[in-house]
Structures are given as structure tokens and as C-alpha cells.
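Undergrad: Residue numbers (this note's numbering): 147 to 521.
In this text, a Cβ means the ideal position worked out from N, Cα and C, and glycines have one as well.
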Amino acid sequence: MDVIDLARRLIRIDTTNPPGRERDALDLLAPLLSSGGARVTLDRFDEGRGSLVARFNAGHRAPALCFAGHIDTVPFGGQTWSHPPLGAEEAAGKIYGRGASDMKSGIAAMCIAALEMIAEGMDRELALYVFGGEETGCTGSFHALADPALLGEPGAVVVAEPTSCRPLLGHKGALWLRCTATGTTAHGAMPELGDNALYKAVDAIRAIRDIDWAVPDHAHLGPMTLSVNTLHSGMNTNSVPDRATFDIDMRTLPGQHGPDIVDRIIRAAPPGTIAAQLLDIPAVWTEPSEPWIESAFQVLTPLLDAPPAIETVQFFTDAAAFRRALPDVPILVLGPGDPAMAHQTDEYCAIREIRQAVRLYKAIGAAWAAAPDNP
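1. Please confirm whether residue 301 and residue 209 have their CB atoms less than 8 Å apart.
2. By DSSP, does residue 257 sit in helix, in strand, or in coil?
3. Quick one: give me the first and last residue of the alpha helix (DSSP H) that residue 300 is part of.
4. Measuring only the C-alpha atoms, how far is residue 457 from residue 309?
5. From this set, 374, 314 and 482, which residue's C-alpha is nearest residue 453's C-alpha?
6. In chain order, what residues of the same chain lie with their CB nearer than 6 Å to the CB of residue 502, ignoring the 5 residues before and after it?
7. Does DSSP put residue 152 in a helix, in a strand, or in coil?
8. Bridge partners for residue 426 per DSSP, in chain order?
9. Which parts of the segment 350-425 are runs of the alpha helix (DSSP H), unbroken and 4 residues or longer, counting only runs that do not cross its ends?
10. So, is residue 373 buried or exposed, given that buried needs 16 or more other C-beta atoms within 10 angstroms?
11. Indicate whether residue 466 and residue 434 have their beta-carbon atoms separated by less than 8 Å.
12. Would you say residue 467 reaches chain C, if we count a Cβ-Cβ gap shorter than 8 Å as a contact?
13. Thinking just about the alpha-carbon of each residue, which of 196, 165, 500 and 419 is nearest to the one in residue 175?
14. Note the first and the last residue of the continuous beta strand (DSSP E) segment covering residue 213.
15. I'd like the span of the alpha helix (DSSP H) that includes residue 470, first residue to last.
16. Find out if the Cβ-Cβ distance for the pair residue 367, residue 449 is shorter than 8 Å.
17. So, using beta-carbon positions, are residue 270 and residue 207 closer together than 8 Å?
18. Excluding the 5 residues preceding and the 5 following residue 330 in the sequence, name in chain order all residues of the same chain whose CB lies nearer than 7 Å to its CB.
19. Should residue 201 be labelled buried (16 or more other beta-carbon atoms within 10 Å of its own) or exposed?
20. Specify the secondary structure class of residue 431 as computed by DSSP and reduced to three states.
21. What are the boundary residues of the beta strand (DSSP E) that includes residue 220?
22. Counting beta carbon pairs with one atom in the segment 287-302 and one in the segment 351-371, are three or more of them shorter than 8 Å?
23. If the criterion is Cβ atoms closer than 8 Å, does the pair residue 191 and residue 285 meet it?
24. Excluding sequence positions up to five away, which residues of its chain have a Cβ less than 7 Å from the Cβ of residue 228?
25. In the DSSP assignment, the alpha helix (DSSP H) including residue 504 goes from what residue to what residue?
26. Rounded to a whole number of angstroms, what is the C-alpha to C-alpha distance between residue 484 and residue 471?
27. Identify whether residue 197 lies in helix, strand or coil by the three-state DSSP scheme.
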């Protein structure tokens, strides 16, 4: 199957998350990969939802070179599309549709590259991971990779997220917290009889804002950040609120851990403040001096529009699940599509980039197969 045909077929399948329904797309991919020699396993994590792991040459000359990505997409949004979001229309050298950039083109490219590598005699283990649930916190990848049988033995990982076919070395983590302050309600005309939870929440926000984290900026990922982005309290104007909640979005660096951060926040906030984790995605970083990264950059350079540089991703990816399961595995984020098009109305991916991604993945695979020893 041609990679463009596969990308268009995937885009036409509605995997909007929520609710997800990734299984319809996995049902397309599973027989395609099986017919090419893969041992395919489906990992269900909810009704109609799941992830797929496909292994070629399973157990032969391990560890495996792994390619990974997600098949779910965000909703279409409220604006009118010039091209139907499930139409996969082709115009001016681009494929339009939800998921064209983020990231069904990347899924198509990694699948076709793997099939071609195996057909051409690749004799090392290759593993493909197609995850559901990435758009709502990497649900599918964390679920699948917690199972050692599905995780397997990765030696290196390429995550096919949209990077305009630039090899990138990592991204910040994400820690989302919901904090709660409680008090006692009273009539708004007699506030002295109550205990205003909103005031407590404001005090907690100020205390959290003033924490000295003493975390140095990362040379390439930048600083850790913390932002309080929602605040909710009260049911009506003339009652003292007895409950207030606020949400925190933190972008974390390598070496930071969610439970430690939560403990620090609880100690800084006024007594009685509760903090619950909504999401905990670890940061991902691989040193450019890591041997596999150096090898990948070397083989990619002739195929890129500009030489590789030390660059990172702005958003989190399923790479985080690999990082949590395998702290030392080298990871590249590399895929077709402009990351600025992700989640946009009239999302598209350039056909040229999709075909380029296949060539890039095959070059990485050829270098992996030729190396006598791998991580």
C-alpha cells in the first residue's frame, strides 16, 4: 500500500477523542501489519478503545528499534472547515483533515517504512506502537507500556509526532493539579459567621506562586513553569463559599517527580489545602552525545533540508510513557507535519513530508540493522 493512500484512509476514520473509538483505525492497521509478517497484539483499555503493538522479527537480534505514535485526534472545533475534517482531500500537495498533521500521517509513514524494511530483508527486531488516548493524557501508552509483555525490549524509540521532519530530542513534562480549600458557608450579610474558602484559596495561590523551587533552567528545554489557570468558588452572590478549587499547570524538567512537587505545594499552602494530581507526564530528554542519537543524526543529515540541531518539542508526547518505563532508552521525536497545524481548523500535512518521513525512518532502520551492537 502506498503511504499516502494509508494516511488518507486513516484520516477518514473518526478517532476523535473524546470518545476515542481508536479500534476502528486499529482494525485497518492490524491485518496490514500482520500480512507483512508482524505479530500484532491489541491492548484494550476501554470500550471501543485500545492500542496496537506490532513486532517484526520478534526476539531476533534484540533489542528492538521502535516507532511509536497515537491514532486518536482532538475534536473538529467550532469553526467551518474549507475541507471536510474526515475527507482526507488532497489539494496543492497537501492532505487535509483532522489528524493529517497530528498524527495519522506519521502513523502511516512508520507503518509503511517498517513494512518496506522487512520486505527488503531487515533482520533485526522492529516494533511499532500505535496508541490510543494520547490527546487526553497519554492514557493508551501508559496503560500498554506498564505491561512488560507489550513493552518488550526497546533499544531506541522514534516517536512520529509532527516535527516538520526535524529530529528533536525531548520535551518538558506536564503536571496538572487540582487544589481544594474548604471553609464554612454563611449568609453573605453575616460573613463573620462563616469561613470563606475563596480567601483560603487565594492565600494558597499566593503561597504557591512564591515557592522558590531552586530548579535551574535546562540548557535546551528551558525553565520549569507553573501557572494557576482556573479558579472556581461559590454558588450564589449572597452566600459565603465553603469550597474553592483551582487548577495548576506545571511544565517540569528531567529529574522532577510529581509526588515530590505535590508534597512541596502542600507544605507551602495554608493548612487544609488539598492537592490532587490530574496528570503526571514526565519530561523527556536524550543527550545529543548519546551514541544512537549521534548515529541517527549522521544518517539523517543527507536527507534533511538542513542539518540536525539540538531542538525540542513544545508539547508532551507518548515518549513520556517510554521514558517512565525505560529511564535510559534513547528517544527521538521525528515525524511529518507542521506542529503549528496540530489541532487547527483545516489541518493538513504536506505530501512531500510524508514521503520524506518514510525515507528518514528507513535510514534510521538501516543504520540500526548495520550496527554490530546497539543500546
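TA: Let me spell this out:
1. Between residue 301 and residue 209, the C-beta gap is smaller than 8 Å, which places the two residues in contact.
2. Here residue 257 sits in helix by DSSP.
3. Bounds of any alpha helix (DSSP H) do not take in residue 300; it lies within the beta strand (DSSP E) bounded by 300-305.
4. If I take the Cα positions, the gap works out to 10 Å.
5. Minimum Cα distance to residue 453 is reached at 314.
6. Non-local beta-carbon contacts of residue 502 in its own chain, meaning distances under 6 Å to residues more than five positions away in sequence, involve 311 in chain order.
7. Residue state, collapsed to three classes: helix.
8. Within the DSSP secondary-structure output, residue 426 pairs in a beta bridge with 321.
9. Whole alpha helix (DSSP H) segments, 4+ residues: 404-414.
10. Exposed, since its Cβ has fewer than 16 Cβ neighbours within 10 Å.
11. Not a contact, by the Cβ cut-off of 8 Å.
12. The chain inventory of the structure shown lacks chain C, comprising one protein chain alone.
13. Cα-wise, what sits closest to residue 175 is 196.
14. It spans 210-216 - the beta strand (DSSP E) in which residue 213 sits, taken as one unbroken run.
15. It spans 465-471 - the alpha helix (DSSP H) in which residue 470 sits, taken as one unbroken run.
16. Between residue 367 and residue 449, the C-beta spacing is not below 8 Å.
17. Their beta carbons are under 8 Å apart, which means residue 270 touches residue 207 by this criterion.
18. So the list reads 340, 341 and 388, once near-sequence residues are dropped.
19. Here residue 201 is buried. Its C-beta has 16 or more other C-beta atoms within 10 Å.
20. Residue state for residue 431 is assigned as strand, using DSSP reduced to three classes.
21. For residue 220, there is no enclosing beta strand (DSSP E), as DSSP gives it neither H nor E.
22. The segment 351-371, when compared against the segment 287-302, does not touch it at the 8 Å Cβ threshold.
23. A contact, by the Cβ cut-off of 8 Å.
24. Closer than 7 Å at the Cβ level, and outside the excluded window around residue 228, lie 492.
25. In the DSSP annotation of this structure, the continuous segment of the alpha helix (DSSP H) that includes residue 504 starts and ends at 497-516.
26. Between residue 484 and residue 471, the C-alpha separation is close to 28 Å.
27. For residue 197, the three-state secondary structure derived from DSSP is strand.
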